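Peer 1: Before I ask anything, here is the structure I am working with.
Residue numbers (UniProt numbering): 1 to 271.
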């Protein structure tokens, strides 16, 4: 019986999903781009692409691989991370691996090509998808009462542009690019920072934290960024260990994906 799931995206939310599916005895393959823009890199399987080496998050290891290596790595208990940037390369992976499910966890706030016909079960994560039209189910990503809820008809809550509150802060938690240019960080994820501290530069312009806390995320060095792009995340709770583990939000969304998969998978598994 096929139990292979392809997760599109290797960021922190996608990693929470992949981890939960793996721990529930599903085989998992992650699709990523060559230059990931994830900021919570120490809790993301996308880091396997960034550092070209295996990455372990809470006891589960992912490794950058080629398509013809995927099955072997799965048999060894690993999660393969495959590069698939263009729609044609995604289609090639899906055609070769024939997954029981595809989970779009790119969190792009829009659908970049996921279709109902991609697999027997197709799940969209967050806004940009419509259950019953382009996916079979949508999982809510907005913090609050609805977080992790599975939607079988309709859409998730629209993106407000305002992150959920943590420690009394919302937008202040985010570190955004002050300009277009090349980003170079000068601090490390897990560092304690104070409001006004410089965490990097875009060109010659300093990038500063707005609040006190722990630097929970920071974009990889030497990426070209645009004004307003998210570069980092400060956690005011000051729990350094949180920087290296799956977040409460990612766990909730992962649980929603698992619920949707099991709800839809049982009727489909004999296909």
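Using N, Cα and C, we set each Cβ at its ideal position, and we do this for glycine too. Just so you know, these numbers come straight off a predicted model, no measurement behind them.
So residue 71 is in the beta strand (DSSP E); what residue range does that whole segment cover?
Peer 2: Taking the first residue of the chain shown as 1, we reach residue 71 at position 71. Following the DSSP letters along the chain, one finds residue 71 in no beta strand (DSSP E) but inside the alpha helix (DSSP H) bounded by residues 70 to 75.
Peer 1: Say yes only if the C-beta of residue 29 is nearer than 7 Å to one or more non-hydrogen atoms of the ligand ATP, and no if none qualify.
Peer 2: You won't find the ligand ATP in this model; it holds no ligand whatsoever.
Peer 1: If we count the other Cβ atoms within 10 Å of its Cβ and call it buried at 16 or more, is residue 52 buried or exposed?
Peer 2: Indexing the chain shown from 1 puts residue 52 at position 52. Classification of residue 52: exposed, given that the 10 Å Cβ count is below 16.
Peer 1: Give the C-beta separation of residue 45 and residue 33 to the nearest angstrom, bearing in mind that I take them to be a contact with Cβ-Cβ under 8 Å.
Peer 2: Residue mapping note: residue 45 aligns to position 45 of the chain shown, counting from 1. Residue mapping note: residue 33 aligns to position 33 of the chain shown, counting from 1. With 8 Å as the limit, residue 45 and residue 33 do not qualify as a contact, their Cβ atoms being about 13 Å apart.
Peer 1: Would you mind giving the Cβ-Cβ distance between residue 246 and residue 141, rounded to the nearest angstrom? I have them listed as a contact below 8 Å.
Peer 2: Your numbering for residue 246 matches position 246 in the chain shown. Your numbering for residue 141 matches position 141 in the chain shown. Actually they are not in contact, since the Cβ atoms of residue 246 and residue 141 sit about 14 Å apart, beyond 8 Å.
Peer 1: I need the straight-line Cα distance from residue 264 to residue 175, nearest angstrom please.
Peer 2: As a first step, residue 264 is located in the chain shown; it is residue number 264 there, counting from the start. As a first step, residue 175 is located in the chain shown; it is residue number 175 there, counting from the start. Distance between the alpha carbons of residue 264 and residue 175: 39 Å.
Peer 1: Can you list, in chain order, the residues of its chain with a C-beta nearer than 6 Å to that of residue 26? Leave out the 5 residues immediately preceding and following it.
Peer 2: The sequence position of residue 26 within the chain shown is 26, counting from 1. Excluding sequence neighbours, residue 26 sits near 3 and 5.
Peer 1: Below 8 Å between beta carbons: does that hold for residue 157 and residue 139?
Peer 2: The residue given as residue 157 occupies position 157 in the chain shown. The residue given as residue 139 occupies position 139 in the chain shown. No; because the gap between Cβ atoms is not below 8 Å, this pair is not in contact.
Peer 1: With burial defined as no fewer than 16 other Cβ atoms inside 10 Å of the residue's Cβ, what is the status of residue 120: buried or exposed?
Peer 2: Here residue 120 corresponds to residue number 120 of the chain shown, with the count starting at 1. Residue 120 should be labelled buried.
Peer 1: Alpha carbon to alpha carbon, how far is residue 242 from residue 177? Give it in angstroms, no decimals.
Peer 2: Here residue 177 corresponds to residue number 177 of the chain shown, with the count starting at 1. Here residue 242 corresponds to residue number 242 of the chain shown, with the count starting at 1. In a straight line, the C-alpha of residue 177 is about 24 Å away from that of residue 242.
Peer 1: Would you report the Cα separation of residue 271 and residue 80, rounded to the nearest angstrom?
Peer 2: Position 271 of the chain shown, counted from the start, is the residue given in the question as residue 271. Position 80 of the chain shown, counted from the start, is the residue given in the question as residue 80. Annotation note: pLDDT 43 at residue 271 (below 50); position unreliable, coordinate value reported separately. Those two C-alpha atoms are separated by around 25 Å.
Peer 1: For a test of the three-state rule: what should DSSP assign to residue 12, helix, strand or coil?
Peer 2: Indexing the chain shown from 1 puts residue 12 at position 12. Residue 12 falls in the helix class under three-state DSSP.
Peer 1: For residue 92, which three-state DSSP category applies?
Peer 2: For the purposes of this step, residue 92 is taken as residue 92 along the chain shown, with counting starting at 1. Reduced to three states, the DSSP call for residue 92 is helix.
Peer 1: Helix, strand or coil: how does DSSP classify residue 17 here?
Peer 2: Taking the chain shown and counting its residues from 1, one reaches residue 17 at position 17. Residue 17 falls in the helix class under three-state DSSP.
Peer 1: Could you check if residue 20 is buried or exposed, using at least 16 other CB atoms within 10 Å of its CB as the buried criterion?
Peer 2: Position 20 of the chain shown, counting from 1, holds the residue named residue 20. Answer is buried; the Cβ neighbour count reaches 16.
Peer 1: State the beta-bridge partners of residue 134 as determined by DSSP.
Peer 2: Taking the chain shown and counting its residues from 1, one reaches residue 134 at position 134. Paired residue(s): none; residue 134 is not in a bridge.
Peer 1: Can you grab the Cα-Cα spacing for the pair residue 275 / residue 155, in whole Å?
Peer 2: Given a span of 1 to 271 for the chain in the structure shown, any question on residue 275 remains unanswerable.
Peer 1: Which runs of the beta strand (DSSP E) at least 3 residues long sit entirely within the segment 153 to 187? Give them in chain order.
Peer 2: 174 to 176 and 181 to 185
Peer 1: Looking at residue 7 and residue 135, is the spacing between their C-beta atoms short of 8 Å?
Peer 2: Stepping through the chain shown from its first residue, residue 135 is reached at position 135. Stepping through the chain shown from its first residue, residue 7 is reached at position 7. Against a cut-off of 8 Å, the Cβ pair of residue 7 and residue 135 comes out as no contact.
Peer 1: Would residue 151 pass as a contact of residue 125 if the rule is Cβ separation under 8 Å?
Peer 2: Walking along the chain shown from the start, residue 151 turns up at place 151. Walking along the chain shown from the start, residue 125 turns up at place 125. No, Cβ-Cβ distance for residue 151 and residue 125 is not below 8 Å.
Peer 1: Quick check on residue 101: does DSSP put it in helix, strand or coil?
Peer 2: Residue numbering aside, residue 101 sits at position 101 when the chain shown is read from its first letter. Strand.
Peer 1: Can you check which of these residues, 211, 210 and 203, is closest to residue 222 by C-alpha distance?
Peer 2: Position 222 of the chain shown, counting from 1, holds the residue named residue 222. Answer by Cα proximity: 203.
Peer 1: Where residue 210 and residue 159 are concerned, what is the direct C-alpha to C-alpha distance, given to the nearest angstrom?
Peer 2: On the chain shown, residue 210 is found 210 positions in, with the first residue counted as 1. On the chain shown, residue 159 is found 159 positions in, with the first residue counted as 1. If I take the Cα positions, the gap works out to 23 Å.
Peer 1: Leaving out five residues on either side along the sequence, give the residues of the same chain with a beta carbon under 8 Å from the beta carbon of residue 170.
Peer 2: By one-based count along the chain shown, residue 170 stands at place 170. Closer than 8 Å at Cβ, skipping near neighbours: 162, 163 and 164.
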